[in-house]
Structure formats: structure tokens, C-alpha cells
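Step one of this worksheet: look at the structure below.
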Amino acid sequence: MKKFLYLLVLLAGLTSCEEDIQFNTPAVQALKNNELWRATQFSAVKGSDNSLTLNATNGFETLVLKTANTAPGTYALGVNETDKASYVLVIESETETYQTGAGVGQGTITISDNPEETNVDAGFITGTFRFAAVGDNSEQVYFQEGVFYKVPIAPAQ
579 MKKFLYLLVL
589 LAGLTSCEED
599 IQFNTPAVQA
609 LKNNELWRAT
619 QFSAVKGSDN
629 SLTLNATNGF
639 ETLVLKTANT
649 APGTYALGVN
659 ETDKASYVLV
669 IESETETYQT
679 GAGVGQGTIT
689 ISDNPEETNV
699 DAGFITGTFR
709 FAAVGDNSEQ
719 VYFQEGVFYK
729 VPIAPAQ
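Anchor point for the sequence shown: position 106 equals 684 in my numbering, and the numbering is continuous, going up by one each time.
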């Protein structure tokens with residue numbers, strides 16, 4: 579009887595196991611000030627000058643990444659106004675804006691050169707980002723280990 583009971587418990591234990599895997603493809607996420615930040619909506623736009631603007635939001639926070647080109651490579655932030663990152667937080671009627679720009683903030687946006695991850699002609703782009711952006715009140719916000727994965731690209735309007 580004990581063997582039957584052990585067998586029954588073992589069988590119940592094995593059948594109750596399941597894999598609850600969630601795939602997050604496409605996605606935009608990062609560590610914002612060392613806490614996970616994940617976008618619920620995102621899009622990318624390829625400009626007529628071949629520039630890239632990626633918008634990501636989770637409702638009350640918006641992240642915008644801009645590069646001068648859609649070509650794979652690393653784009654330095656805090657150097658010019660063409661390669662830029664901005665973060666806007668809206669709480670009730672208060673808006674806080676943080677950004678990089680010429681001589682403001684620092685960081686990088688890297689567009690992947692893997693053709694399975696980035697194919698501008700097929701309409702998707704992948705890369706990484708990290709930056710420190712300065713707010714209107716001179717405070718900073720930090721994004722580290724940022725990833726945008728297979729974000730759909732729309733043509734310029």
C-alpha cells in the first residue's frame with residue numbers, strides 16, 4: 579500500500595509541473611534607475627533622411643531614441659542633437675522631461691548588425707541602449723541594459 583501511495587504522489591507531482599513561458603517579442607525594456615522599465619506600446623519610424631526615431635511608452639512614461647541613421651553601429655549620445663535620447667514622465671498635470679543632447683548627458687544606442695534581428699527593408703530593428711539624461715531640474719535619470727528587439731519600422735509620413 580505504501581508503494582502505491584508513493585507512486586501516486588510521484589505521479590501527481592510530475593503531472594502538475596508545467597512550463598509557463600512568456601515570449602516578449604517584439605519588446606522594449608531597460609533598467610531605469612536600477613528598476614525594470616518595460617514598454618507596453620512601441621514603434622519606430624524611418625525618416626526620409628534614413629534617420630530612426632523609436633518611441634516606447636507604458637502609459638505615463640515615454641522613451642524616445644533617435645539616431646541619424648538606421649545602419650547598424652553604435653551612436654554616441656550627448657554629442658549632438660541628431661543622436662539623442664529623451665524620457666518624459668507625466669504624473670497628473672506634472673511633466674518631467676529628461677534628455678541628452680549636445681554637451682548634455684551621455685550614453686550610446688547600438689543597432690544590431692545581425693540580419694535575423696535587424697532588417698530595415700523587411701521592417702524591423704533590434705539594438706541596445708544605455709544613457710544618463712538630464713532633466714529640466716538638473717536631476718538625472720539612468721537607463722542601463724536597454725534592449726529594443728524586432729520593433730516594427732514604419733516609413734516616414
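Heads up, the beta-carbon is just placed ideally off N, CA and C, and yes, glycines get one too.
- Query: Between 604, 700, 609, 638, which lies nearest to residue 624 when the distance is taken from Cα to Cα?
  - Reply: The count along the sequence shown starts at 1 and reaches residue 624 at position 46. Here the closest residue by C-alpha is 700.
- Under the rule that 16 or more other beta-carbon atoms within 10 Å means buried, what is residue 651, buried or exposed? Reading the sequence shown from its first residue, position 73 is the one you call residue 651. Residue 651 should be labelled exposed.
- Have a look at residue 721 and residue 685 and give me their C-alpha separation to the nearest angstrom. For the purposes of this step, residue 721 is taken as residue 143 along the sequence shown, with counting starting at 1. For the purposes of this step, residue 685 is taken as residue 107 along the sequence shown, with counting starting at 1. Cα to Cα, residue 721 sits roughly 9 Å from residue 685.
- Message: Does residue 623 come out as helix, strand or coil in the three-state DSSP assignment?
- Response: Taking the sequence shown and counting its residues from 1, one reaches residue 623 at position 45. Strand, per DSSP.
- Message: So, with DSSP's three-state summary, where would you put residue 637?
- Response: As a position in the sequence shown, residue 637 is number 59, starting the count at 1. Note: residue 637 maps to coil in three-state DSSP.
- Query: Could you give the C-beta distance for residue 724 and residue 707, rounded to a whole number, given that I count them as a contact under 8 Å?
  - Reply: By 1-based counting over the sequence shown, the position of residue 724 is 146. By 1-based counting over the sequence shown, the position of residue 707 is 129. Correct: roughly 4 Å between the Cβ atoms.
- Determine the contact status of residue 687 and residue 663, defining contact as a CB-CB distance below 8 Å. One-based indexing of the sequence shown puts residue 687 at position 109. One-based indexing of the sequence shown puts residue 663 at position 85. In contact: residue 687 and residue 663 (Cβ atoms closer than 8 Å).
- With DSSP run on the structure shown, which of helix, strand or coil describes residue 717? As a first step, residue 717 is located in the sequence shown; it is residue number 139 there, counting from the start. Looking at residue 717 - three-state DSSP - the assignment turns out to be coil, as it is neither helix nor strand.
- Status (buried if at least 16 other CB within 10 Å, exposed otherwise) for residue 696: Walking along the sequence shown from the start, residue 696 turns up at place 118. That one is buried.
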